[in-house]
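Residue numbers (UniProt numbering): 1 to 529. All residues carry an ideal CB built from backbone N, CA and C; glycine is no exception. I have placed the structure first, in the form of structure tokens, so that the comments after it can refer back to it.
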């Protein structure tokens, strides 16, 4: 995405339903009163010192932010407190920040597509920060990556203290059992411990400690009081760290995860499990022993390893944005599905034969889960009402919605250029007159459709929208299931778009000559975004 475009990775045009990252909006966002935050230990980076800072410091955590970004403002005190804590504890790391709206070259070089984006640099090599957004989580994440990832325990008392602390935090202790703390299996364990957040990591060569928790030397034991108790990984190390990391990412989760912004990162990083089933219910219905909860819990146990079970408390403020993402309204408990495996995540709703949302029931849940597991459900697509009559066109541009876009996109005789826009997006407003001229210029070409879709009210199941405007091309041919359209990468000028469509169209055509104004032949004014 070009640095000038507006990030849209929030609900309505998001890769998932969490909506905890990457604010979107024009630069005239709301201001917040965060002047009292003490950022004395956060280094402000500009292009003058960015590279030298990475060269001079082994570990650097960088926040790319925008001054108008609401999520950035919420992160600001947490990030500042984390920087101060790490400095006071003597951790050799630099916490820094970059105003991506001022330092666009740095942001673009580091693939920043939304705000805030945090990048972790080790000897100048970047990686994505994947930890939590509160000060304690940031501190824990950094310390694990700058020091030993696992604590060596030699006594039952030391291990018990770790387990007690983990229980208080509703997390697990992972105990690596090794004959010696070296070799490939141990290296794989350390790699997993550094990368898989959440649990507390310990290691031992004491066979008795391992046996006390159901394992033996060579095992990796997840010690927990939830999700059925301890879980043992018996890989011999030949699979390397990848298999162990996938195992730990799933087994750090409970049978059912109560959705919040604090644990959303775990839900969407469950190893090889990319699908979730989500229960929307009031707080009372989510109590243990309640019929709704117990039925959902039974399902969660049955499908463990195939999907992640999530519960959303509809009494909380966080529930509203998740409900909006799935198109859910009302107070009745219901269930939806989410599949994040492909570039364009799919969402599914528990509906009747007419596609209407139905309330939760044991029988309904069982039917929904069987079809979801078998891949027999039709994805839910958010759509505004289909335009009719004169409303099907605006300035010569075809108006499509979620429910009608495939009428053209799947037509093997039509080449369609589609702009996904947002009404509030300044860049979309700038390109609008050029786009209308493009549509009028190609009006006589039956095989070409110049269309637009409001991305705040509509979706397409095979289209990953990462910013506004997003311009893509659906060629005139049969497209494979889940195939992504072609991203428009030409110049955003009338001549540039004309030439790009002409070159990429599957149905050949000649570009119509520009109509004369009647006042002598003049070259067309080059309008550019």
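- prompt: Using a Cβ-Cβ cut-off of 6 Å (strictly less than) and excluding sequence neighbours within five positions of residue 327, which residues of its own chain qualify?
  reply: Position 327 of the chain shown, counted from the first residue, corresponds to residue 327. Around residue 327: 382.
First and last residue of the uninterrupted alpha helix (DSSP H) at residue 122: Within the chain shown, the letter at position 122 stands for residue 122. Premise fails: residue 122 lies in the beta strand (DSSP E), 117 to 122, not in any alpha helix (DSSP H).
- request: For residue 513, name the three-state secondary structure that DSSP assigns.
  value: The residue labelled residue 513 in the question sits at position 513 within the chain shown. Residue 513: coil per DSSP, three-state reduction.
message: Which same chain residues end up closer than 7 Å to residue 437 when comparing Cβ atoms and leaving out the 5 residues on each side of it in sequence?
response: Locating residue 437 in the chain shown gives position 437, where the first residue counts as 1. If we look at residue 437 and ignore the five residues flanking it on each side, its Cβ neighbours are 494.
- prompt: Where do the N-terminal and C-terminal ends of the alpha helix (DSSP H) with residue 406 fall, by residue?
  reply: Start at 1 with the first residue of the chain shown, and residue 406 comes out as number 406. Its alpha helix (DSSP H) spans residues 405 to 409.
task: Could you tell me how far apart the beta carbons of residue 116 and residue 71 are, in whole angstroms, since I believe they sit closer than 8 Å?
output: For this step, residue 116 is matched to residue 116 along the chain shown. For this step, residue 71 is matched to residue 71 along the chain shown. With 8 Å as the limit, residue 116 and residue 71 qualify as a contact, their Cβ atoms being about 6 Å apart.
- prompt: Mind pulling the alpha helix (DSSP H) runs of 4 or more residues that sit fully within the stretch 175 to 252?
  reply: 184 to 195, 207 to 212 and 240 to 251
query: So, is residue 284 buried or exposed, given that buried needs 16 or more other C-beta atoms within 10 angstroms?
result: Taking the chain shown and counting its residues from 1, the one referred to as residue 284 is at position 284. So residue 284 ends up on the exposed side.
task: Within 10 angstroms of the Cβ of residue 452, are there 16 or more other Cβ atoms? Answer buried if so, exposed if not.
output: Position 452 of the chain shown holds residue 452. Classification of residue 452: buried, given that the 10 Å Cβ count is 16 or more.
task: Could you please give me the residues that DSSP links to residue 145 through a beta bridge?
output: The count along the chain shown starts at 1 and reaches residue 145 at position 145. Looking at the DSSP assignment, residue 145 forms no beta bridge with any residue, so it has no partner.
task: Name, in chain order, the residues that DSSP records as bridge partners for residue 129.
output: Mapped onto the chain shown, residue 129 falls at position 129. DSSP lists no partner for residue 129.
field: Selection from 466, 51 and 161 that minimises the alpha carbon distance to residue 530
entry: Lying before the first or after the last residue shown, residue 530 is absent from the chain, which here runs from 1 to 529.
- prompt: Just checking my contact of residue 273 with residue 248 at CB under 8 Å: how many whole Å lie between their CB atoms?
  reply: On the chain shown, residue 273 is found 273 positions in, with the first residue counted as 1. On the chain shown, residue 248 is found 248 positions in, with the first residue counted as 1. Not a contact, Cβ separation roughly 12 Å.
task: Assign residue 440 to one of three DSSP states: helix, strand, or coil.
output: For the purposes of this step, residue 440 is taken as residue 440 along the chain shown, with counting starting at 1. If DSSP states are grouped into helix, strand and coil, residue 440 belongs with the helices.
query: Taking the alpha helix (DSSP H) that residue 497 falls in, what are its first and last residues?
result: Counting from 1 along the chain shown, the entry for residue 497 is found at position 497. Residue 497 -> alpha helix (DSSP H) spans 494 to 504.
task: Could you work out which residue in 61, 292, 397 and 98 is closest to residue 82 when comparing CA atoms only?
output: Looking up residue 82 in the chain shown gives position 82. Ranking the options by Cα distance to residue 82, first place goes to 61.
field: Per-residue DSSP class, three states only, for residue 313
entry: Here residue 313 refers to the residue found at position 313 when the chain shown is read from its first residue. In the structure shown, residue 313 sits in a strand (DSSP, three-state: E or B).
- request: Below 6 Å CB to CB, which residues in the same chain sit around residue 513 once its five sequence neighbours on both sides are set aside?
  value: Within the chain shown, the letter at position 513 stands for residue 513. None.
query: Counting along the chain, where does the alpha helix (DSSP H) carrying residue 368 start and finish?
result: Indexing the chain shown from 1 puts residue 368 at position 368. Looking at the DSSP string, the run of the alpha helix (DSSP H) that includes residue 368 is 362 to 374.
field: Sheet register partners of residue 487 (DSSP bridge)
entry: Here residue 487 corresponds to residue number 487 of the chain shown, with the count starting at 1. Paired residue(s): 472.
- prompt: Alpha carbon to alpha carbon, what distance is there between residue 396 and residue 319?
  reply: Within the chain shown, numbered from 1, the residue matching residue 319 stands at position 319. Within the chain shown, numbered from 1, the residue matching residue 396 stands at position 396. Answer to the nearest angstrom: the Cα atoms are 40 Å apart.
task: Mind listing, in chain order, the continuous alpha helix (DSSP H) runs of no fewer than 4 residues lying wholly within the stretch 67 to 112?
output: 70 to 88 and 104 to 109
- request: Since I believe residue 123 is in contact with residue 58 (beta carbons under 8 Å), could you give me their beta-carbon distance rounded to a whole number of angstroms?
  value: In the chain shown, counting from the first residue as 1, residue 58 sits at position 58. In the chain shown, counting from the first residue as 1, residue 123 sits at position 123. Right, their Cβ atoms sit about 6 Å apart.
message: DSSP three-state label for residue 303, please.
response: Here the question's residue 303 lines up with position 303 in the chain shown. Looking at residue 303 - three-state DSSP - the assignment turns out to be coil, as it is neither helix nor strand.
query: Rounded to the nearest angstrom, how far is the Cβ of residue 219 from that of residue 210, given a contact under 8 Å?
result: Locating residue 219 in the chain shown gives position 219, where the first residue counts as 1. Locating residue 210 in the chain shown gives position 210, where the first residue counts as 1. Yes, they are in contact, since the Cβ atoms of residue 219 and residue 210 sit about 6 Å apart, within 8 Å.
- prompt: Could you give the distance in angstroms between the alpha-carbon of residue 506 and the alpha-carbon of residue 226?
  reply: Position 506 of the chain shown, counted from the first residue, corresponds to residue 506. Position 226 of the chain shown, counted from the first residue, corresponds to residue 226. Distance between the alpha carbons of residue 506 and residue 226: 56 Å.
- prompt: With which residues is residue 451 paired in a DSSP beta bridge?
  reply: Mapped onto the chain shown, residue 451 falls at position 451. Partner(s): 398 and 418.
- request: Starting from residue 279, trace the beta strand (DSSP E) both ways and give me its first and last residue.
  value: On the chain shown, position 279 is the one that residue 279 refers to. That run of the beta strand (DSSP E) goes 275 to 281.
message: Do residue 80 and residue 37 have their beta-carbon atoms positioned less than 7 Å apart in this structure?
response: For the purposes of this step, residue 37 is taken as the residue at position 37 of the chain shown. For the purposes of this step, residue 80 is taken as the residue at position 80 of the chain shown. Yes, the pair counts as a contact, with Cβ atoms nearer than the cut-off.
- prompt: Hey, how far is the Cα of residue 480 from the Cα of residue 474?
  reply: Here residue 480 refers to the residue found at position 480 when the chain shown is read from its first residue. Here residue 474 refers to the residue found at position 474 when the chain shown is read from its first residue. Roughly 12 Å separates the two Cα atoms.
field: Alpha carbon of residue 492 to alpha carbon of residue 501, nearest angstrom
entry: Here residue 492 corresponds to residue number 492 of the chain shown, with the count starting at 1. Here residue 501 corresponds to residue number 501 of the chain shown, with the count starting at 1. Rounded to whole angstroms, residue 492 to residue 501 spans 12 Å at the Cα level.
message: Looking only at its chain, what residues have a beta carbon closer than 8 Å to the beta carbon of residue 530, apart from the 5 residues adjacent to it on each side?
response: Lying before the first or after the last residue shown, residue 530 is absent from the chain, which here runs from 1 to 529.
message: I'd like to confirm the pairing. Which residues does DSSP put opposite residue 256 in its beta bridges?
response: In the chain shown, residue 256 corresponds to position 256, counting from 1. Note: residue 256 sits in a beta bridge opposite 309.
field: Bounding residues of the alpha helix (DSSP H) (the contiguous stretch that carries residue 322)
entry: As a working note, residue 322 is residue 322 in the chain shown. 318 to 326 is the extent of the alpha helix (DSSP H) around residue 322.
task: Leaving aside the five residues before and after residue 377 along the sequence, list all residues of the same chain whose C-beta is less than 6 Å from its C-beta, in chain order.
output: Position 377 of the chain shown holds residue 377. For residue 377, where only same-chain residues beyond five positions count, the Cβ hits under 6 Å are 348 and 371.
message: Using C-beta distances below 7 Å, list every residue in its chain close to residue 223, excluding the 5 sequence neighbours before and after it, in chain order.
response: In the chain shown, counting from the first residue as 1, residue 223 sits at position 223. Within the same chain, residue 223 has close Cβ partners 163, 172, 173, 175, 213 and 230.
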